[in-house]
Every structure is written in C-alpha cells, then in structure tokens.
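Taking it in order: structure first as structure tokens, then the write-up.
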Amino acid sequence: ARANVGAISALRNYATAKPATSEVTSILEDRINGLSSNVDIQETGRVLSIGDGIARVYGLKNCQAEEMVEFSSGVK
1 ARANVGAISA LRNYATAKPA TSEVTSILED RINGLSSNVD IQETGRVLSI
51 GDGIARVYGL KNCQAEEMVE FSSGVK
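Residue numbers (full-length UniProt numbering): 1 to 76.
Okay, here's the thing in structure tokens:
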C-alpha cells in the first residue's frame, strides 16, 4: 500500500511541475517563427454600412465578427 502512495505522490509532483521560463520562451519562439505571414484569401462581399471605422459586410464566409479586413482600396 505504501508503494502506491509514493507513486501517487510522484505523479502529482510531475503533473504540477512548472517548466522553466526559458523553456517556454524557446517553445513559443519556435512556433512563432514557424508561422507564415502570407495571407492570400480573396472573397467578395457587399458592404451594408460604414461608420466610425466599422463596416458591416455581407457575404464574407471566412470572416468573423470584430475581425480586421483589408479592402481592395487598401483600407483596413
């Protein structure tokens, strides 16, 4: 029975161990460097209204609420 208590204690310590900050930083940097910043999605939609930097647009299936979009004129 005591062996099981020791194993459970060791498992809890392993599960609650925190990685070193440098290790987390390294992992995040590797993932960020692996991302591609080239976006080439083109869709056509209809602008319903514009005001205060907000455009209501219909027909953009790959766009979500509060997402930044760039129009063909270059306006973001």
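A virtual CB, placed ideally from N, CA and C, is assigned to each residue, including glycine.
All values reported here derive from a predicted model rather than from experimental measurement.
Problem set entry | residue 81: first and last residue of the uninterrupted alpha helix (DSSP H) it sits in | Since the first residue of the chain shown is 1 and the last is 76, residue 81 is not available in this structure.
Exercise. Counting along the chain, where does the beta strand (DSSP E) carrying V69 start and finish?
Worked result: First-last for V69: undefined, no H or E at that position.
For this session: Compute the Euclidean distance between the alpha carbons of G59 and L35, then round it to the nearest angstrom.
Result: 28 Å
Problem set entry | Per-residue DSSP class, three states only, for S49 | strand
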